[in-house]
Amino acid sequence: VKTKSKADIEMDRKRELAKRLNIPDPPVPRGVNPKTILCDKHMEGVCLRGNKCRFSHDKNVRTKAAYDANNHKERFRLEKEIGLLEK
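Mapped onto this note's numbering, the consecutive letters of the sequence shown carry residue numbers 9 to 95.
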């Protein structure tokens with residue numbers, strides 16, 4: 009009789025939870041990198057894809073996306089101000 013490892017038991021638990029919760033993947037707007045969207049399944053502890061998941065498992069991804077957007081706006085403003093961009 010083969011006993012299950014802790015990893016196998018944990019994966020079975022995640023599969024069962026995923027079936028019961030039935031969390032759909034969030035919609036990804038065209039042109040948006042899915043890695044900038046937090047994985048809802050990972051937040052619930054039931055994402056089975058791990059590193060292969062197309063969504064981010066980094067809890068700070070929303071903060072980083074907002075930071076990147078603000079930096080882009082600031083850079084655009086500065087370039088326009090110093091005349092690098094056409095008006």
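All C-beta atoms in this analysis are idealised placements derived from N, C-alpha and C, irrespective of residue type, glycine included.
Point to revise | Classification of SER13 by the beta-carbon crowding that lies within 10 angstroms, buried from 16 upward | key: Indexing the sequence shown from 1 puts residue 13 at position 5. Classification for SER13: exposed.
Check your understanding: What's the C-alpha gap between LEU30 and ARG21?
Key -> Residue 30 sits at position 22 when you count from the first residue of the sequence shown. Residue 21 sits at position 13 when you count from the first residue of the sequence shown. It is Asn, not Leu, that sits at residue 30 in the sequence shown. Roughly 14 Å between the two C-alpha positions.
Practice item. Helix, strand or coil for LEU29, going by three-state DSSP, please let me know. Key: As a working note, residue 29 is residue 21 in the sequence shown. Helix at LEU29.
Exercise for review: Output the distance between the C-alpha atoms of PRO42 and VAL54, rounded to the nearest integer angstrom.
Suggested key: As a working note, residue 42 is residue 34 in the sequence shown. As a working note, residue 54 is residue 46 in the sequence shown. PRO42 and VAL54: Cα-Cα distance of roughly 18 Å.
Check your understanding: Can you give the beta carbon distance from ALA26 to LYS10, rounded, assuming they're within the 8 Å contact cut?
Key -> Counting from one through the sequence shown, the residue named residue 26 turns up at place 18. Counting from one through the sequence shown, the residue named residue 10 turns up at place 2. With 8 Å as the limit, ALA26 and LYS10 do not qualify as a contact, their Cβ atoms being about 24 Å apart.
Exercise for review: Compare the C-alpha of TYR33 against each of GLU24, MET51 and VAL69 and name the closest.
Suggested key: The residue given as residue 33 occupies position 25 in the sequence shown. According to the sequence shown, residue 33 is Asp rather than Tyr. Taking only the C-alpha atoms, the option nearest ASP33 is MET51.
Point to revise | Segment limits, alpha helix (DSSP H) that includes ASP48 | key: Here residue 48 refers to the residue found at position 40 of the sequence shown. Run containing ASP48: 48-51, per the alpha helix (DSSP H) assignment.
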